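Protein sequences, first through last, are from chains A and B. To convert, note that position 137 of the first sequence is 136 in numbering that gives the first Met the number 0; the numbers rise steadily by one, no gaps. To convert, note that position 144 of the second sequence is 143 in numbering that gives the first Met the number 0; the numbers rise steadily by one, no gaps. Built from N, CA and C at the ideal position, the CB exists for glycine as well. Note that the structure is a prediction, hence the values are computed from the model and not measured.
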Amino acid sequence: MVAWTEFERATIQDIFSKIDYDVVGPAALSRCLVVYPWTQRYFGNFGNLYNAAAIMGNPLVAKHGTTILNGLERAVKDMDNIKTTYAELSVLHSEKLHVDPDNFKLLSDCLTIVVAAQFGKAFTAEVQAAFQKFLAVVVSSLGRQYH
Amino acid sequence: MTTLSTKDKQVVKAFWAKVSGQGEEIGTDAVARMLRVYPQTKTYFSHWKDRSASSPDVQKHGRTVMAGVGDAVAKIDDLKGGLLNLSELHAFTLRVDPANFKILSHNLLVVMATMLPNDFTPEVHVSMDKFLAAVALALSEKYR
């Protein structure tokens, strides 16, 4: 089990209460598809991903970005059981979606940058550490059921 | 990984022109974040008494790093040749594991996002990320 400090718990709740899932989700996913274009391999049926403008305006990308943030919220609501929370999603990403787990880290880095941009100076080194620790646990749990 | 396109170089130079005025702040913040968020990087600085963001050693090192990045921007057309001396320094004297270049790059990008959220678009992000990766590669050139 992961040990969370009071600061870390409070920081994660605070961040997620202040971000708009419909904005941050699409921003993070589209950024990932632009910055790491090989991640587009998983979105063959999303239509036009031809260039940055197309990606950022793509409604299927936006919808999926929101889905991802809602998925993250499940971990935010139960930080002491993230591994269990994501067991099924881990199997899904492995067995059905066949996503290379290294990609989770790429998306997580993009999400960090989008959140950093929104919070500016308030995204201090301490806040960054807590946020990245949370995402690392999520990423690890999503990769857990791969075999 | 890949060579920088003409567009990448233009984007990097344009963005650098916007941020170089705050270069010291960016460098210091990035180094401080690296030490805090990736504690394993502190192992390279055991000779510093104070590794907090306000420490003079951290601030000086932030300035040094940013001067290096600025130098790399100026030599963007030949990073391997231009950064030869720095590569030898990192390879033979400092012996920093190259995995750490990626870590520092990430923190530089995070700081850029906090300071210029509207300018650090995905297009700027990808070119800067490619550039920093190219710098890291040039720095690793002399390792083995």
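Beta-carbon contacts of residue i that lie in its chain and below 8 Å, excluding the five residues immediately before and after
| i | result |
| --- | --- |
| A:N57 | S29, F45, G46, N47 and L48 |
| A:V98 | Y41 and H92 |
| B:D76 | K8 |
| B:G80 | K74 |
| A:A53 | N47 |
Beta-carbon proximity list for residue i, same chain, < 6 Å, skipping 5 on both sides
| i | result |
| --- | --- |
| B:M111 | F119 |
| B:Y142 | A90 |
| B:R62 | E23 and G26 |
| B:S126 | D7, V10 and V11 |
| B:F14 | V123 |
| A:F103 | V138 and L141 |
| B:L131 | S104 |
| B:A52 | A31 |
| B:E140 | K79 and S86 |
C-beta contact flag for residue i and residue j at 8 Å
| i | j | result |
| --- | --- | --- |
| A:V114 | A:V34 | no |
| B:G22 | B:G69 | yes |
| A:S89 | A:R143 | yes |
| A:T4 | A:L105 | no |
| A:P36 | A:G64 | no |
| A:V136 | A:I67 | no |
| B:L82 | B:V18 | no |
| B:T113 | A:A116 | yes |
| B:V10 | B:V123 | yes |
| A:Y85 | A:S140 | yes |
| B:D7 | B:K101 | no |
| B:L78 | B:A16 | no |
| A:V75 | A:I18 | no |
| B:V64 | B:V30 | yes |
| B:L138 | B:S86 | yes |
| B:R32 | A:A121 | no |
| A:N69 | A:Y20 | yes |
| A:M55 | B:P121 | yes |
| B:A71 | B:P97 | no |
| A:A51 | A:C109 | no |
| A:V126 | A:S107 | no |
| A:L32 | A:V60 | yes |
| A:M156 | A:D77 | No statement about residue 156 of chain A is possible, as the shown extent of chain A runs from 0 to 146 and does not include it. |
Cβ-based neighbour list, residue i, same chain, cut-off 7 Å, excluding 5 preceding and 5 following
| i | result |
| --- | --- |
| A:K62 | none |
| A:Q131 | T111 |
| B:S4 | none |
| A:F133 | I11 |
| B:N99 | T40 |
| B:Y43 | V95 |
| A:E87 | none |
| A:E72 | F15 |
| A:D13 | none |
Residue i: CB within 7 Å of a non-hydrogen atom of the ligand FAD
| i | result |
| --- | --- |
| B:D118 | The ligand content of the structure shown is nil, which means the ligand FAD is not present either. |
Inset, instruction - Quick one: which unbroken alpha helix (DSSP H) runs of 4-plus residues sit fully inside the stretch 61 to 96 of chain A? Chain order, please. - result: 81 to 84 and 86 to 90
Legend entry - In chain order, each alpha helix (DSSP H) run of at least 4 residues that lies wholly inside the stretch 46 to 83 of chain B: 55 to 73 and 78 to 81
Inset, instruction - Could you tell me whether the stretch 100 to 117 of chain B touches the stretch 47 to 63 of chain B, where touching means 3 or more Cβ pairs closer than 8 Å? - result: no
Inset, instruction - Evaluate contact between the stretch 23 to 43 of chain B and the stretch 56 to 66 of chain B, counting only Cβ atoms and requiring at least three cross-stretch pairs below 8 Å. - result: yes
Inset, instruction - Would you mind listing the beta strand (DSSP E) stretches within the stretch 107 to 135 of chain A that are 3+ residues and don't spill past its ends, in chain order? - result: none
Inset, instruction - Could you name the residues of the stretch 17 to 44 of chain A whose beta carbon sits closer than 7 Å to any beta carbon of chain E, in the order they occur along the chain? - result: The structure shown contains no chain E; its protein chains are A and B.
Inset, instruction - Give, in chain order, every unbroken run of the alpha helix (DSSP H) that is at least 4 residues long and sits entirely within the stretch 2 to 37 of chain B. - result: 5 to 18 and 22 to 36
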